[in-house]
Amino acid sequence: MAKVAIKNENITSFGGINHIMDVFSKLGFEKLTESVLGKRRSSGKAFCYGSIFGSLFFSYLCGGECLEDINALTGQFRQRPGTLLPGADTVGRGLKELTEKNIVYKSETSGKSYSFNTAEKLNTLLLRMIRRMGLIKVGSHVDFDFDHQFIPAHKFDAKYSYKQDFGYFPGWASIGGIIVGGENRDGNTNVKFHQEDTLRRIMDRVTSELGVV
0 MAKVAIKNEN ITSFGGINHI MDVFSKLGFE KLTESVLGKR RSSGKAFCYG
50 SIFGSLFFSY LCGGECLEDI NALTGQFRQR PGTLLPGADT VGRGLKELTE
100 KNIVYKSETS GKSYSFNTAE KLNTLLLRMI RRMGLIKVGS HVDFDFDHQF
150 IPAHKFDAKY SYKQDFGYFP GWASIGGIIV GGENRDGNTN VKFHQEDTLR
200 RIMDRVTSEL GVV
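Per numbering that gives the first Met the number 0, residue 0 is the first one in the sequence shown, and the count goes up by one each step.
This is how it looks when you write it as structure tokens:
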């Protein structure tokens, strides 16, 4: 006959995230994030960018699909001793603080202008995390892949694309299936338009941070 035991301690279906949190802590991602992105301009009691990205990433790993889902999960995260992560509003403000100005290119043929966003600091953080985890060996010879991916989005700055929808058209670079950089672009931008500039920025950054050939 089966026995039923009554447990007083908290039980969570997201217990596996505790291991991921431990790995992040051992790798020192919070301090690494602060070294690249700097400290927030808010008061000394404000959550750092490392905590903001932790809350966002851990929520994603637990099935979160939007910022508001973070609020439903922070209670679960707190069951891990010493864990205090920001809610959705704080994460949203933190991400907004990290926005960078667009680069605007004007077409010589059509006269139209197209906005690119290099996300320089976030791309640098990505590469330093990759290096910290040892995912790509420093000084190794690699195959560099690049492609564009249309992302449908009905936001105020989304442009209508030949994909017959509004959205953005970022370019992504990868090495061995690992994303090593990306740049966002207006959804109506031709994939070849200033692609050389995008590739040069990403490749220079990858070479500098990872030392690959």
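We put the beta carbon where it would ideally sit given N, CA and C, even for glycine.
Note that this is a predicted model, so its numbers are computed, not measured.
DSSP places K105 inside the beta strand (DSSP E), whose first and last residues are 102 to 105. DSSP lists I174 as the bridge partner or partners of F143. Around the beta-carbon of L124, 16 or more other beta-carbon atoms lie within 10 Å, marking it buried. The beta carbon of L31 sits closer than 8 Å to the beta carbons of G49, L124, R127, M128, R131 from its chain, once the five residues preceding and following it are set aside; these are given in chain order.
Residue pairing by DSSP puts P151 in a beta bridge opposite G166. In this structure, the CA atom of L66 is about 20 Å from the CA atom of A118. Classified as exposed, L83 has fewer than 16 neighbouring CB atoms from the shown chains inside 10 Å of its CB. In terms of Cα proximity to F155, the closest of F52, V179, G170, D185 is D185. The Cβ-Cβ distance between M20 and F57 falls below 8 Å. With contacts defined by Cβ atoms closer than 8 Å, F149 and F168 form a contacting pair.
As for any beta strand (DSSP E) of minimum length 3 sitting wholly inside the region 38 to 118, the runs are 102 to 105, 112 to 116, ordered along the chain. In terms of Cβ geometry, I135 and C61 do not form a close pair [threshold 8 Å]. Residues of the same chain with a CB within less than 7 Å of the CB of D68, apart from the 5 flanking positions on each side, are S58 in chain order.
DSSP places H193 in no alpha helix (DSSP H); its state is neither H nor E. In the displayed model, D21 falls within a helix according to three-state DSSP.
Taking C-beta atoms as the reference points, I102 and V141 fail to come closer than 8 Å.
The three-state secondary structure of K136, taken from DSSP, is coil. Taken through DSSP and simplified to helix, strand or coil, D156 comes out as coil. Relative to S114, the option among H193, K2, L209 whose CA is nearest is H193. Burial check for I201: the Cβ neighbour count within 10 Å reaches 16 or more, so the residue is buried.
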